[in-house]
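Take a look at the structure set out below.
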């Protein structure tokens, strides 16, 4: 298989699976059309991520990333957790195959979104409407990226301007 | 750990008799069939015997068989070879939306060179309507290329009917029969095909060898140029060991076909019955007019690659066409063409059985699959959402 041992270990025995009652922040990214969908829920206590859970629909890499990013965020302060990047998640997993790098993006994105949600709520901003989730699913930006090196293409091109491999265009939703 | 192989559509095992024939050949022969001495003659005789074995499998004449490096080369040869030979007649080709990439990418290359391609849609089972083929043919049409059996969902196409139409209209007809030749009966005259692509690794022969059937007087040029091997249609010293293996595999396939089909159909039926014990699974493709050894099914609310990884952990080898597992990260064009939604397409697995598989293996596999589905659905936000509603 193309995955590192750490990836396989997290895939087989993922940490922090599940849901929680009354989360302080929820972040959901991706959609089944693209192949992966990730939802992260956090509980915050004394400015620290006290508890974190995830639900993921996706490939082995997506599940391993969910497990790793939630592990990394647990117990961290909000400030520290905001500094967890796609790259640091991938590094902690012992690397990901090039065409799976976008999965690690989902992990950090979902975490950051959950934190943003928490901050928004704290500042008393209007809670997200329940139907906003649907809106998000159907409003995926039409953009073109490389599935191999994960480079966002400046325009619609058939081959990645960086590595030359065929690109993917999100035009199907 | 015992390995259970359910991925015969990606390449079968090699039949023990085929293996033996190949090893004997490699031990005894090394001559090049074009050489004018005794070693060349021996190789040439073995080559022609293999050609006859492959010809018999599809009811053709030996002189109509060109050996290639596999199914992909056969398809490239058929499509590009006809285009090169007929470019003065017209630049229109008809195909379907569910073809293998070797077909669709060859056609895309021709489109860059100014060819117009009509790609026909299919019904929910993945079947092309022959009337659509008839309607699409114009004076400019030089080639119709429609597959015989779809390699992802197993549906059989009405090739004989399409062949009748192309014959009446005088258009060359190629069928990619890679997934079907050697598995189910295929008669080139009944099918009315002018060009037929096939591969040895679909019927217990080795990988890296295939053949293209070329009906006499078909306008086609070689795509690999050089010496006069393969009647001038494919230059380069032949892959003798592979070809000998393909010949033996063809002979065995012809002889054992009825009993193989019986066994494979029983496995297929039994697997479908076992699948019905898991909730929210859809079976793809035509329920009866299909390959006897392949089941494509969509497990809702989970993604295919993660299921394949879990099955693999327990020694079970199968295949998926989810976007995540593909190099291109796109959902299967075949499933989308049949109207399957994107989320369900992501959870699609392909189980393809072989002659050595057993009912006991199916029982082991269904237990592992059940556990995997429960495990993955338990963490799937889509499943949770569905349970809540």
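Chains as they are written, first to last, in the numbering used here: chain A, 1 to 173; chain B, 1 to 389.
By construction, the Cβ of each residue, glycine as well, lies at the ideal position given by its N, Cα and C atoms.
Proximity of the stretch 122-129 of chain B to the stretch 257-264 of chain B falls short of the contact definition, fewer than three beta-carbon pairs being nearer than 8 Å.
Taken through DSSP and simplified to helix, strand or coil, residue 351 of chain B comes out as strand. Spanning the alpha carbons of residue 151 of chain B and residue 284 of chain B requires a straight line of approximately 12 Å. Burial check for residue 1 of chain B: the Cβ neighbour count within 10 Å stays below 16, so the residue is exposed.
Looking only at B:128, B:99 and B:91, the smallest Cα-Cα distance to residue 115 of chain B is reached by B:91. Distance from residue 218 of chain B to residue 159 of chain B at the Cβ level is roughly 16 Å; contact not present, criterion being Cβ atoms closer than 8 Å. Within the model, the alpha-carbon separation for residue 272 of chain B versus residue 224 of chain B is close to 44 Å.
Contiguous beta strand (DSSP E) elements confined to the stretch 303-338 of chain B do not occur, taking only those with 3 or more residues. Residue 103 of chain A sits close to residue 62 of chain A, with the two beta carbons spaced by under 8 Å.
Residue pairing of residue 243 of chain B in beta bridges, as defined by DSSP: absent, with no partner found. Burial of residue 268 of chain B is indicated by the presence of at least 16 other C-beta atoms within 10 angstroms of its C-beta. Less than 8 Å divides the Cβ of residue 346 of chain B from the Cβ of residue 322 of chain B. About 15 Å separates the CB atoms of residue 60 of chain B and residue 220 of chain B; that is not less than 8 Å, and the two are not in contact. Comparing C-alpha distances from residue 112 of chain A to each of A:89, A:84, A:75 and A:54 shows the shortest one belongs to A:84. A:26 is the residue among A:7, A:26 and A:119 whose C-alpha sits nearest the C-alpha of residue 54 of chain A. At a cut-off of 8 Å, the C-beta of residue 89 of chain A has no neighbouring C-beta in chain B. Within the model, the alpha-carbon separation for residue 81 of chain B versus residue 72 of chain B is close to 13 Å. Within the stretch 64-77 of chain A, no residue places its CB atom closer than 7 Å to a CB of chain B. If you ignore the 5 residues before and after residue 302 of chain B, its C-beta comes within less than 7 Å of the C-beta of 347, 373, 376, 377 and 380, all in its own chain and listed in chain order. Taking a Cβ-Cβ cut-off of 8 Å, the neighbours of residue 39 of chain A in chain B comprise 381, given in sequence order. In the three-state reduction of the DSSP assignment, residue 120 of chain B falls in the strand class, which pools E and B. Around the beta-carbon of residue 233 of chain B, 16 or more other beta-carbon atoms lie within 10 Å, marking it buried. Boundaries of the alpha helix (DSSP H) harbouring residue 375 of chain B: 359-378, taken from the DSSP string. Residue contact check for residue 97 of chain A against chain B: no CB pair falls below 8 Å. Residue 5 of chain B has its alpha-carbon roughly 22 Å from the corresponding atom of residue 70 of chain B. At a cut-off of 8 Å between C-beta atoms, residue 55 of chain A counts as an interface residue with respect to chain B. Scanning chain B for C-beta atoms nearer than 9 Å to the C-beta of residue 12 of chain A yields 309, 310 and 313, reported in chain order.
For the options B:333, B:212, B:214 and B:131, the alpha carbon positioned closest to that of residue 33 of chain A is the one of B:333.
Looking at the DSSP output, residue 175 of chain B bridges to B:196. Across the set B:252, B:309, B:293 and B:37, the C-alpha of B:293 shows the shortest separation from the C-alpha of residue 266 of chain B. Taking C-beta separations shorter than 7 Å and ignoring five residues to either side along the sequence, the partners of residue 201 of chain B in its chain run 11, 12 and 207, following chain order.
Taking C-alpha positions only, residue 9 of chain A is separated from residue 43 of chain B by approximately 52 Å.
A distance below 7 Å between beta-carbons, with the five flanking residues on each side excluded, links residue 114 of chain A to the following residues of its chain, in chain order: 25, 26, 27, 40, 41 and 42.
If you draw a 10 Å sphere on the C-beta of residue 20 of chain A, you find fewer than 16 other C-beta atoms in it, and that means exposed.
For residue 64 of chain B and residue 137 of chain B, the gap between their C-alpha atoms comes out near 26 Å. Note that the C-beta distance between residue 213 of chain B and residue 14 of chain B is not below 8 Å.
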